[in-house]
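Reviewing the structure listed below.
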Amino acid sequence: MLGDSLPWFLPLFVFGLLGWVCYEPIEKYAIRKNTQFWTKAMIALRWLPPAQLLLMLFIRIISLIQRDLSHLEIAQYLGPGNFSFPDLKLLVTGDGGSELLALTMVLFALYSERLPSIAKGQSEFRLKFRNRLMMFTGLILLTSSTIIFPESSYYSPSSFPVEPIGSIPAWATLVPLLLFTSLAMFGGELFAVATLFFAGDNFQILARRARYKVLIIAFSTIIWLSFTLDGRGDWSQQIPELGLLLPLILILHVGLCFATILQPAVRLESELNHGDGRSWGMLILAVIMALIVLALTPIHLDVIGVFGSSLGPYVYGIWVATVTVSAMMLVQFLPALGFDAAPRPEIWWMKITLVFSPVFLCMFTPFAVFLIPAVWLALPWSSLTPWFIERDVASPSTSFVLYPLIFITILCAIIPFSWGEPFLASLWFGWIPGAMASIGLTLHVKHKDGVSRQFSEQE
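Start counting at 1 in the sequence shown, then tack on 69, and there's your number in the numbering used here.
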């Protein structure tokens, strides 16, 4: 459709999303310039993606009303004839559904500073929250743009028959889109709050509510994936052809990582001291995480059988895992360049790299999604290791925190391979170590604070 009438549309949409990803540094530059041009430019940059999506939807509505057969979707599902109100179903269940939900995501990000939970917060932090949510939303839409907005949906139907090829898609086609949109919005809230750990109690209330929402939607997504992929033994070989399946799994991964590990860890790591033995702890943490990713990823790739039965899956798996581990090491230079707005900036960047590595690598190879089981088992140790290695902080109980986590990590690594679909089994069990680590450390911090208050009162 747009490929014929508006060929510039999708490239400009990608440009707008890139502007959202880089919005905060551009805004800082505009504030320094403090001219009318830059003020208007920032407004245009902020509203470009929603304006484009609104225009796209307006074109779809007009073409539906006019039964314009120069639009591929109308030619395929409606054909020639007169407009009737049931035809509007195609606007929602067809390609327009992804555009409607993408519009919901970008408007949610733009108006996030007015959320009731943070309405009483400082305006500076609310604007930063909006900017971080815009960054997250732009990044998710950008990395998923080729699937959410497939180019084939915008071809001119001149080379296609004008007779309908089937009925209008059912309402059930909206389920993965709704799950994807919800996880992106509330996972984005957790991302924004995690980068503003000093913002105040209002933001912690928002984070707690967002965690509950992400967990509920995440488990609903896993249930949907289980029913959808049940009995499809070849699904892993058809990932690129399965539409929204890949971005849905990736946003599920990101949302659960922030809900169970990253966002809780920001407050927990602020309880650490100066870091006596910090370098040694970083080295041990890097080795643990690298070993888990390097060992588990090739095994999952071997099970699916796509790469043959010899060394193929292990060579490919080690290559993908090595790229992830190498990126995780390279980002250690970021705190030295000024990117240190976190209690433990080195660990924070290791976590962020590990979480987003499947998202970025899947832009080049869909089989990078099989990094997720290893990432889920490695990530909890990024929260736990400093508490046991650094010498100037009270370590949690080994029998209450450490040994159970070791046991459950080994168990969650082994159990999936006894199921018919190891990857799906990993989605069911892989989040447990992260939740256990966060809960154990939270109880330890509360106990430590309680002992400190009791000691102070006695003095």
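Where a beta carbon is used, it is the ideal one built from N, C-alpha and C, also for glycine.
Compute the beta-carbon to beta-carbon distance between A443 and L365, rounded to the nearest angstrom, for a pair I have assumed lies under 8 Å.
4 Å
So, using beta-carbon positions, are G85 and R129 closer together than 8 Å?
no
Comparing C-alpha positions only, which one of G374, Q401, L321, T329 sits nearest to L354?
Q401
Output the distance between the C-alpha atoms of F524 and I361, rounded to the nearest integer angstrom.
No answer about F524 holds up, because its pLDDT of 48 lies below 50 and its placement is not dependable.
Helix, strand or coil: how does DSSP classify C326 here?
helix
Which of the three DSSP states is assigned to P465 in this structure?
coil
Can you list, in chain order, the residues of its chain whose CB lies under 6 Å from that of L430, leaving out five sequence neighbours each side?
A437
Can you give the Cα-Cα distance for Y92 and W107, rounded to whole angstroms?
13 Å
From the DSSP output, in three-state form, read off L474 for me.
helix
Within this structure, are the beta carbons of L317 and F255 separated by less than 8 Å?
no
Alpha-carbon spacing of P449 relative to Y180, whole angstroms
When the Cα atoms are used, P449 and Y180 turn out to be separated by approximately 33 Å.
DSSP three-state label for Y383, please.
helix
Nearest-angstrom Cα separation, counted from A99 out to F288
42 Å
Of the residues I291, A328, V244, the one placed nearest Y281, counting alpha carbons only:
A328
Return the CA-CA distance between F492 and D461, expressed in angstroms with no decimal places.
Cα to Cα, the separation comes out at about 40 Å.
Between the CA atoms of I286 and I292 - distance to the nearest angstrom
C-alpha of I292 to C-alpha of I286: approximately 10 Å in a straight line.
Work out the CA separation of I131 and L147 for me, nearest whole Å.
14 Å
According to the neighbour-count rule (16 or more other Cβ atoms, all chains shown, within 10 Å of its Cβ), is A168 buried or exposed?
Here the sequence assigns Glu to residue 168, which means Ala is not the residue at that position. With 16 or more other CB atoms across the displayed protein chains lying within 10 angstroms of its CB, E168 is buried.
Which term fits L446, buried or exposed, when burial requires 16 or more other beta carbons within 10 angstroms of its beta carbon?
buried
Mind checking K420: buried by the 16 CB within 10 Å criterion, or exposed?
buried
With distances taken between CB atoms, is the gap from C481 to G503 smaller than 8 Å?
Contact flag unset, no.
Nonlocal neighbours in the same chain, by C-beta distance under 8 Å from E459, ignoring five residues either side:
Cβ neighbours of E459 beyond the five flanking positions: L341, N342, G344, D345, G346, R347, G350.
State buried or exposed for G150, treating a residue as buried only when at least 16 other CB atoms are found within 10 Å of its CB.
exposed
Quick check: the stretch 269-278 against the stretch 183-190, are there 3 or more CB pairs under 8 Å?
By the Cβ test, the stretch 269-278 is in contact with the stretch 183-190, since at least three Cβ pairs between them sit closer than 8 Å.
State the CB to CB distance for the pair V394 and L440, rounded to an integer number of angstroms; the pair is presumed to be in contact (CB under 8 Å).
Actually they are not in contact, since the Cβ atoms of V394 and L440 sit about 10 Å apart, beyond 8 Å.
Member of L172, I308, A241, R277 whose CA lies at the smallest distance from the CA of F260
R277
For the putative contact between P238 and T162, defined by C-beta atoms under 8 Å, what is the C-beta separation to the nearest angstrom?
4 Å
Helix, strand or coil: how does DSSP classify G256 here?
When DSSP states are grouped into helix, strand and coil, G256 belongs to the helix group.
With DSSP collapsed to three states, give me the class of G165.
helix
Return the chain-ordered list of same chain residues with a C-beta closer than 6 Å to the C-beta of G88, the five sequence neighbours on each side being excluded.
L114
Please list, in chain order, all residues of the same chain as L370 whose beta carbon is under 7 Å from its beta carbon, the five residues on each side excluded.
F376, P382, Y385, G386, F436, F439
Helix, strand or coil: how does DSSP classify A56 here?
For the chain, the structure presents residues 70 to 528; residue 56 sits outside this window and is missing.
So, L471 versus L510, is the Cβ gap smaller than 8 Å?
no
Considering only the beta carbon of each residue, do I217 and A279 sit closer than 8 Å?
no
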